[in-house]
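Protein chains in written order, with UniProt numbering: chain U, 1 to 123; chain Y, 1 to 361.
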Amino acid sequence: MGEHASYERLVFKNASVYHYMKIDLILESEDKRLNAAHFKQLIISALRDLYGEIGAAFPFDVLKFEEDTLTAVLRVYNSGLVKLWSALTLLGSYHSEPCAVRVTQVSPFLLALSGNSRELELD
Amino acid sequence: MFTNLEKCPRNLLVCEKSSFLNEKSRHDIHVAKHFFNYKVSILIPECGIIPSFLSSVVNGFSKYYLVRDLPLHKLLEDEFLEKVVKTGSLYALSYKTRIDQDNTFAILPTGQVILSVDKDTYEELGLEGKASQYNHRQPMRYVVTIDMTDKSLAPGGKRYKRVMWALKEKVQLTSDFLLARYSIGGDEEGLLQSCLSQYSCKELRPSVSTQTLRDLLCPSLDPADLRRDARSHDPQQFLEWLGTVTMDMSSNNEATSFVSTYCCPEPQSSMSQALVYTVTGLLLPEDIHSLLKELRRYFDEPRFTSWLSMTVHGFADSPISWGSTEHGFHKGGENFYTFVIFKNQDYWLHMATGANDGCPP
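Dropping the structure here:
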């Protein structure tokens, strides 16, 4: 046999620059349709309402948006997490209709969002 | 202006590079010590259907049981201890109990019983424990560890009686439990069921799902280059990419796109298809170890890919993560590991934990 890879161990503390959020949008009436761009615009306006033009000026991505279930995965720089989260919590209306955002899971690792044991239903 | 809003809880990522052929390789220990596994997801590039030898390993995964309203002391009774706990590896974890608000219990295959309880229960219980590491100013949660293999805890003895008295008469701790027992022969099927026949006991098999993805971008991997300092993408970027693939997200966005600017890390190559195979349930480390062994065999035949990956997610609400290191939830309770297995039997192992967790081993 040839040479095996030599052992190497690296420990990263707080190395992830992003946090990822899995969220649900809950609308009062079910007939409203919105796409990923509408959804992002909704969040941006919520951020502006809470933190103003300057405070809301940070980037985030909508990595995934499912139009039929209104669930989304967001990616945000660590420095923007608290602001984004608080704006989502206080988001209360879409086109003058009451709505809410439920945060299902938050993690510094995107991979963690693909395995949430709290979703295990055995009945 | 908002600087104090910019802080985040800590997270840890440990990356190891080694070879399965190295005598001192610790991959098996890492797998064996991660006791409560919720989900395994395997990504095989350039593969359309799951090879039969892999699906047969998964079909052979141990059954597990969901037992309703089971008093904890039942699991520590003399007979159960002798028949089940001390003779094989028993895994028990309370089901639908949240580690950040409820009382959570676990029995490890080593014979240790771990109770993570709130302050009131702890004080009523009167068993010796210690304050959780992840309390705020005031301890609100305590962890009691009882080692049933300890000689001083032999049934009939003073300490054993005290434990049983606390769990039976002081506070009757009851919960729904997920239970599984690893036995090589499988000759003891139904042993758990017969011991717990008074309770509603449901036999479950791990559930399996398969997904085929087409035309995706993939970062080019070099087994020797874990650190990735020579080129551009680091382990975080690779794990992020793996996340986008397992969750079927678009990884080819323009930098100017309004919705998402995520892009597969460079240097990249394209993949015509990939298979994502997931198994969910209470999965035992022994079974995961045999799956890992089979995955290594995948490269015995010529393949179009030079690597594949296996990610194992732990239960977010388990009181421990690796070994008996205390685990908490904080924001997500994440504890998972990913093996990237290369053709030449080299591997990368990434182990990640969130804020309320010790450093992976």
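Just so it is clear, CB atoms sit at the ideal spot from N, CA and C, and this is done for glycine as well. Because the structure is a prediction, the values reported are computed rather than measured.
CB Y:A180 to CB Y:S62, shorter than 7 Å? Within the second sequence, numbered from 1, the residue matching residue 180 of chain Y stands at position 180. Within the second sequence, numbered from 1, the residue matching residue 62 of chain Y stands at position 62. Cβ atoms of Y:A180 and Y:S62: closer than 7 Å.
In the stretch 1 to 87 of chain U, which residue ranges form an unbroken alpha helix (DSSP H) of at least 4 residues, counting only runs that do not cross its ends? Within the stretch 1 to 87 of chain U, the complete alpha helix (DSSP H) runs of at least 4 residues are 36 to 55.
Using a C-beta cutoff of 7 Å, does Y:T3 count as contacting chain U? For the purposes of this step, residue 3 of chain Y is taken as the residue at position 3 of the second sequence. Chain U has no Cβ within less than 7 Å of the Cβ of Y:T3.
State yes or no: is the beta carbon of residue 368 of chain Y nearer than 7 Å to at least one beta carbon in chain U? For chain Y, the structure presents residues 1 to 361; residue 368 of chain Y sits outside this window and is missing.
With 7 Å as the limit, tell me which residues of the stretch 9 to 41 of chain U have their beta carbon closer than that to any beta carbon of chain Y; keep them in chain order. Residues of the stretch 9 to 41 of chain U that bring their beta carbon within less than 7 Å of a beta carbon in chain Y comprise R9, L10, V11, F12, K13, N14, A15, S16, H19, A36, A37, K40, in sequence order.
Taking the alpha helix (DSSP H) that Y:A32 belongs to, which residues open and close that run? If you number the second sequence from 1, residue 32 of chain Y lands on position 32. That run of the alpha helix (DSSP H) goes 27 to 33.
List, from N- to C-terminal side, the beta strand (DSSP E) runs of 3 residues or more that fit wholly inside the stretch 248 to 326 of chain Y. For the stretch 248 to 326 of chain Y, whole beta strand (DSSP E) runs of length 3 or above, ordered along the chain, are 268 to 283, 307 to 314.
Answer yes or no: do Y:H313 and Y:K39 have a C-beta to C-beta separation smaller than 7 Å? As a position in the second sequence, residue 313 of chain Y is number 313, starting the count at 1. As a position in the second sequence, residue 39 of chain Y is number 39, starting the count at 1. Inclusion of Y:H313 and Y:K39 in the CB contact set at 7 Å is warranted, their separation being smaller than that value.
Does the Cβ-Cβ distance between Y:V259 and U:A15 come in under 7 Å? Reading the second sequence from its first residue, position 259 is the one you call residue 259 of chain Y. Reading the first sequence from its first residue, position 15 is the one you call residue 15 of chain U. Contact flag unset, no.
Does DSSP put Y:K202 in a helix, a strand or coil? Counting from 1 along the second sequence, the entry for residue 202 of chain Y is found at position 202. Residue state, collapsed to three classes: strand.
In three-state DSSP terms, what is Y:F336? As a working mapping, residue 336 of chain Y is identified with position 336 in the second sequence. The answer is strand: DSSP assigns Y:F336 an E or B state.
Using only CA atoms, which one of Y:L66, Y:Y91, Y:Q193 lies nearest to Y:L284? In the second sequence, residue 284 of chain Y corresponds to position 284, counting from 1. Looking at the Cα atoms, Y:Y91 is the closest of the given residues.
Only counting runs of 4 or more residues, tell me where the alpha helix (DSSP H) segments fall wholly within the stretch 44 to 94 of chain Y, in order along the chain. Listed in chain order, the alpha helix (DSSP H) elements of length 4 or more contained wholly in the stretch 44 to 94 of chain Y are 52 to 59.
Contact set between the stretch 309 to 324 of chain Y and chain U, restricted to residues whose Cβ is under 9 Å from the partner: Within the stretch 309 to 324 of chain Y, the residues whose Cβ lies closer than 9 Å to some Cβ of chain U are T311, V312, H313, G314, F315, A316, D317, S318, listed in chain order.
Can you tell me whether DSSP reads U:S117 as helix, strand or coil? Working through the first sequence from its first residue, we reach residue 117 of chain U at position 117. It is helical.
Close beta carbons around Y:D346, own chain, < 6 Å, minus the five adjacent residues each side: Position 346 of the second sequence, counted from the first residue, corresponds to residue 346 of chain Y. In chain order, S19, P223 place their CB closer than 6 Å to the CB of Y:D346, counting only its own chain and leaving out the 5 sequence neighbours on each side.
Please confirm if the stretch 73 to 88 of chain Y is in contact with the stretch 214 to 222 of chain Y, defined as three or more CB-CB distances below 8 Å between the two stretches. Output reads no: the stretch 214 to 222 of chain Y does not touch the stretch 73 to 88 of chain Y.
When you compare only the Cα positions, how much space is there between U:L47 and Y:C8? For the purposes of this step, residue 47 of chain U is taken as the residue at position 47 of the first sequence. For the purposes of this step, residue 8 of chain Y is taken as the residue at position 8 of the second sequence. Cα to Cα, the separation comes out at about 19 Å.
Indicate whether at least one CB of chain U lies closer than 7 Å to the CB of Y:T246. If you number the second sequence from 1, residue 246 of chain Y lands on position 246. Chain U has a Cβ within less than 7 Å of the Cβ of Y:T246.
Contact list for the stretch 85 to 106 of chain U against chain Y, Cβ threshold 9 Å: Within the stretch 85 to 106 of chain U, contact with chain Y at the beta-carbon level (separation under 9 Å) is assigned to S86, Q105, V106.
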